[in-house]
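Working notes, structure below.
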């Protein structure tokens with residue numbers, strides 16, 4: 001092998017021997033890291049090459065002497081692609097003992113555990129429950145408890161275990177909400193202490209300049225400017241390839257894909273302005289999801305907690321599902337965790353039941369329990385019932401069928417009232433209602 005070279009020939013390949021090797025390369029930026037690993041023909045970067053050479057004696061006796069192949073294909077590969085070393089998390093949120101009006105409450109506890117390489121993944125957790133139960137306020141309190149320990153918002157407790165090293169804190173917390181009525185308040189000031197958790201707000205509200213000036217709402221021009229500035233920051237931080245990888249998961253719509261692709265081919269001189277103009281041509285749903293994802297790529301560093309309030313507000317189900325996939329990938333790359341408050345079964349479908357907390361009651365009577373339904377990949381109807389409970393049976397076609405059963409008649413007679421135009425779920429529900437009515 002020559003003493004110096006731009007790239008190894010096909011006769012050679014290499015492999016880092018610990019996570020620190022890839023962590024130090026990641027510190028050099030995406031472009032430099034990829035050039036070095038590609039030049040060294042690193043088999044953690046190139047999984048196809050790894051499979052080709054895995055059986056060779058030199059690989060088994062030297063490169064893999066103290067490393068399991070699965071580590072190369074998971075942890076090392078993720079880090080070679082720019083991801084962070086994954087840490088397990090185990091933490092709890094304890095709700096405050098007094099509500100925002102000073103009245104005593106019955107505190108509840110929410111436990112969150114993240115297991116690296118778990119399948120299904122466990123780095124996204126979900127809060128469900130009916131309207132008014134306090135999901136959004138709980139997210140806001142979690143953000144406040146992390147950013148301002150000792151406040152009246154409750155507390156975060158990190159757990160440790162004797163058998164493995166767990167993460168002991170978050171470095172950042174990012175709140176994401178695009179509702180004009182959300183409970184989140186953008187922070188006016190950030191602590192300058194070295195050990196302080198940095199809090200960032202991504203949403204419709206502007207940051208108030210003083211205590212007396214409330215936050216205002218951003219218009220479409222401000223959102224376009226925010227997108228252009230955020231994407232420029234992503235480029236300056238050498239995270240463009242990472243951004244492209246996540247956005248590719250959203251681009252099932254050809255027109256959306258075309259506009260995003262045009263953003264990739266803009267010179268650096270007018271990048272921000274051109275990206276802003278292309279952003280303005282998108283539909284409202286595509287604007288919101290692209291802005292959220294771009295801001296997350298910009299703001300989510302290693303060990304970040306992301307709090308998202310009702311992402312379904314602006315996204316249709318296919319786009320919401322694609323966003324969930326992109327979010328999960330981003331968090332795994334950055335060793336982060338998300339907690340999402342939602343009414344959407346599409347969101348709940350993407351996480352296992354041990355990552356779903358169902359909130360009950362309101363005000364001082366808030367309680368919580370983990371979902372008893374296995375949620376990952378479950379039927380939307382089943383999840384809708386799990387999320388809304390009795391609200392479902394008191395509204396929509398449930399209510400209409402219930403009234404028809406109360407009026408009397410056989411299954412066939414009631415079916416005829418609806419001109420036999422009932423779907424499979426409605427027919428099954430009707431049969432069940434008639435059975436329990438004793439007819």
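Residue numbers (UniProt numbering): 1 to 439. We put the CB at the ideal spot given by N, CA and C, even for glycine.
Cutoff 6 angstroms; reference residue i; Cβ partners in own chain excluding five residues on either side
| i | result |
| --- | --- |
| residue 345 | 380, 383 and 384 |
| residue 37 | 45 and 80 |
| residue 84 | 302, 334 and 335 |
| residue 128 | 358 and 387 |
Range of the contiguous alpha helix (DSSP H) that encloses residue i
| i | result |
| --- | --- |
| residue 474 | There is no way to answer for residue 474, as the model of the chain reaches only from 1 to 439. |
| residue 276 | 271-280 |
| residue 220 | 220-236 |
| residue 417 | 411-417 |
| residue 199 | Here residue 199 belongs to no alpha helix (DSSP H); instead the beta strand (DSSP E) covers 198-203. |
| residue 52 | 47-53 |
| residue 5 | Where residue 5 is concerned, there is no enclosing alpha helix (DSSP H), given that its DSSP letter is neither H nor E. |
| residue 442 | Absent from the structure is residue 442, since the part of the chain shown begins at 1 and ends at 439. |
| residue 381 | 380-388 |
| residue 246 | 240-247 |
| residue 420 | Residue 420 -> no alpha helix (DSSP H), and no H or E assigned at all. |
| residue 405 | 396-407 |
| residue 24 | 19-26 |
Residues near residue i by beta carbon distance below 8 angstroms, same chain, minus five either side
| i | result |
| --- | --- |
| residue 109 | 92, 93, 94, 95 and 368 |
| residue 389 | 130 |
| residue 194 | For residue 194, the pLDDT reaches just 49, beneath the cut-off of 50, and the residue's location in the model is therefore unreliable, although a value from the coordinates is still provided. The answer is none, since no qualifying residue turns up. |
| residue 446 | Because the chain here runs from 1 to 439, residue 446 falls outside it and cannot be looked at. |
| residue 155 | 93, 94, 145 and 149 |
Range of the contiguous beta strand (DSSP E) that encloses residue i
| i | result |
| --- | --- |
| residue 309 | 304-309 |
| residue 61 | Here residue 61 belongs to no beta strand (DSSP E), and DSSP marks it neither H nor E. |
| residue 158 | 155-158 |
| residue 369 | 367-370 |
| residue 177 | 172-177 |
| residue 360 | 356-360 |
Own chain residues within Cβ distance below 7 angstroms of residue i, not counting five before or after
| i | result |
| --- | --- |
| residue 26 | 33, 79 and 82 |
| residue 13 | 41, 43, 49 and 53 |
| residue 39 | 6, 7 and 8 |
| residue 408 | none |
| residue 20 | none |
| residue 144 | 151 and 153 |
| residue 397 | 426 |
| residue 169 | 158 |
| residue 280 | 224 |
| residue 241 | 30 |
| residue 431 | 411 |
| residue 102 | none |
| residue 404 | 414 and 417 |
Spatial distance of residue i from residue j (CA atoms)
| i | j | result |
| --- | --- | --- |
| residue 332 | residue 30 | 17 angstroms |
| residue 447 | residue 45 | A question about residue 447 goes unanswered here, because the residues of the chain that appear run from 1 up to 439. |
| residue 171 | residue 88 | 15 angstroms |
| residue 121 | residue 414 | 45 angstroms |
| residue 365 | residue 106 | 6 angstroms |
| residue 10 | residue 258 | 36 angstroms |
| residue 361 | residue 423 | 33 angstroms |
| residue 60 | residue 315 | 49 angstroms |
| residue 150 | residue 90 | 20 angstroms |
| residue 443 | residue 372 | Here the chain has residues from 1 to 439 only, and residue 443 is not among them. |
| residue 239 | residue 419 | 58 angstroms |
| residue 394 | residue 348 | 22 angstroms |
| residue 2 | residue 35 | 18 angstroms |
| residue 125 | residue 111 | 10 angstroms |
| residue 276 | residue 261 | 14 angstroms |
| residue 274 | residue 234 | 15 angstroms |
| residue 142 | residue 199 | 11 angstroms |
| residue 17 | residue 51 | 17 angstroms |
| residue 440 | residue 77 | A query on residue 440 cannot be resolved here, the shown segment of the chain reaching from 1 to 439 and no further. |
| residue 295 | residue 97 | 34 angstroms |
| residue 247 | residue 308 | 18 angstroms |
| residue 438 | residue 411 | 12 angstroms |
| residue 73 | residue 57 | 19 angstroms |
| residue 66 | residue 15 | 12 angstroms |
| residue 454 | residue 435 | Outside the displayed span of the chain (1 to 439) sits residue 454, for which this structure offers no information. |
| residue 494 | residue 160 | The structure shown does not extend to residue 494, since the chain spans only 1 to 439, so no value can be given for it. |
| residue 311 | residue 132 | 17 angstroms |
| residue 297 | residue 243 | 6 angstroms |
For the segment 321-335 against the segment 197-206, are there 3 or more C-beta pairs whose distance is under 8 angstroms?
Note that the segment 321-335 does not touch the segment 197-206; fewer than 3 beta-carbon pairs, one per stretch, sit closer than 8 angstroms.
Across the segment 270-277 and the segment 131-148, are there enough close Cβ pairs to call them in contact, namely three or more that are closer than 8 angstroms?
The answer is no - the segment 131-148 does not touch the segment 270-277, with fewer than three Cβ pairs under 8 angstroms.
If contact is defined by three or more beta carbon pairs under 8 angstroms, each pair taking one atom from either stretch, is the segment 301-312 in contact with the segment 219-236?
Verdict: no, contact absent.
Decide if the segment 106-123 is in contact with the segment 271-290; the criterion is three or more beta carbon pairs, one per stretch, under 8 angstroms apart.
Not touching, per the Cβ criterion.
Hey, which unbroken runs of the alpha helix (DSSP H) at 4 residues or more fall wholly within the segment 84-142?
Qualifying alpha helix (DSSP H) stretches: none in this window.
Can you list, in chain order, the stretches of the alpha helix (DSSP H) that have 4 or more residues and sit fully within the segment 281-344?
Entirely contained in the segment 281-344, the alpha helix (DSSP H) runs reaching 4 residues are, in chain order, 284-299 and 317-334.
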